[in-house]
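In our numbering, the protein residues as written are 70 to 223.
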């Protein structure tokens with residue numbers, strides 16, 4: 070029987086270069102918020118490079134798009150982190166640092182426990198959500214899909 074975890078991707082297009090004075094307050098919060106995520110109940114994994122975050126990783130060929138990708142045991146712990154922790158203060162200021170996105174910029178999907186999603190897989194999930202709307206394969210907090218109960222190994 071296969072167990073499942075929740076993968077999430079969110080992207081944002083910075084209003085300026087990450088080294089700019091405009092984004093300095095955001096950059097100053099990264100370590101604190103990433104550490105909070107890692108200590109949060111239900112946290113499993115997050116994408117990071119040698120600096121400890123993922124802001125330098127390229128997404129869709131646009132250097133101003135930053136990416137956040139993580140894995141959680143279920144939807145509720147991720148929602149608690151996003152909406153009921155110090156993370157909410159960062160979200161409240163996002164318009165200072167990031168452009169308003171015209172398409173979906175956040176996607177959730179179920180993965181086999183013990184696996185790590187790739188940026189390529191995440192981009193496909195986001196594209197699917199943008200093209201087809203929420204489904205079992207790619208969904209949002211507002212339109213969630215339940216965790217699969219099990220898959221028999223054949």
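All residues carry an ideal CB built from backbone N, CA and C; glycine is no exception. Since this is a predicted model, take the numbers as computed values, not measurements.
N-terminal and C-terminal residue of the beta strand (DSSP E) that residue i is part of
i           : result
residue 112 : 112-115
residue 138 : 134-141
Residue i versus the options, residue with shortest Cα-Cα distance
i           : options               : result
residue 143 : 132, 122, 130 and 109 : 109
residue 168 : 73, 91 and 72         : 91
residue 128 : 197, 214 and 190      : 190
residue 100 : 82, 218, 123 and 188  : 123
residue 13  : 171, 186, 185 and 145 : A question about residue 13 goes unanswered here, because the residues of the chain that appear run from 70 up to 223.
residue 131 : 184, 104, 150 and 192 : 192
residue 86  : 218, 187 and 133      : 133
residue 125 : 210, 73, 81 and 172   : 81
residue 170 : 155, 77, 188 and 199  : 199
residue 197 : 172, 211 and 156      : 172
One or two residues paired with residue i in a DSSP bridge
i           : result
residue 63  : Because the chain in this structure spans residues 70 to 223, residue 63 falls outside the shown range and cannot be described.
residue 214 : Answer is none; residue 214 lacks a bridge partner.
residue 181 : 73
residue 131 : 128
Span of the alpha helix (DSSP H) around residue i
i           : result
residue 196 : 188-201
residue 103 : 93-108
residue 207 : From DSSP, residue 207 is part of no alpha helix (DSSP H); its letter is neither H nor E.
residue 149 : 144-153
residue 159 : 156-161
Pair within 8 Å by beta-carbon distance, residue i and residue j
i           : j           : result
residue 75  : residue 141 : yes
residue 79  : residue 152 : no
residue 111 : residue 147 : yes
residue 150 : residue 106 : yes
heavy atom of the ligand FMN below 7 Å from residue i C-beta
i          : result
residue 78 : This structure does not include the ligand FMN; it has no bound ligands of any sort.
- Item | Touching by the beta-carbon criterion (3+ pairs, under 8 Å), the segment 154-166 and the segment 94-104 | Three or more Cβ pairs drawn from the segment 154-166 and the segment 94-104 lie within less than 8 Å of each other, which places the two stretches in contact.
- Between the segment 167-187 and the segment 200-216, do at least 3 Cβ pairs fall closer than 8 Å? Taking 8 Å as the limit for Cβ pairs, the verdict is that the segment 200-216 does touch the segment 167-187.
- Message: I'd like to know if the segment 105-121 and the segment 131-141 are in contact, where contact means that at least 3 CB-CB pairs between them fall below 8 Å.
- Response: They touch, by the three-pair rule.
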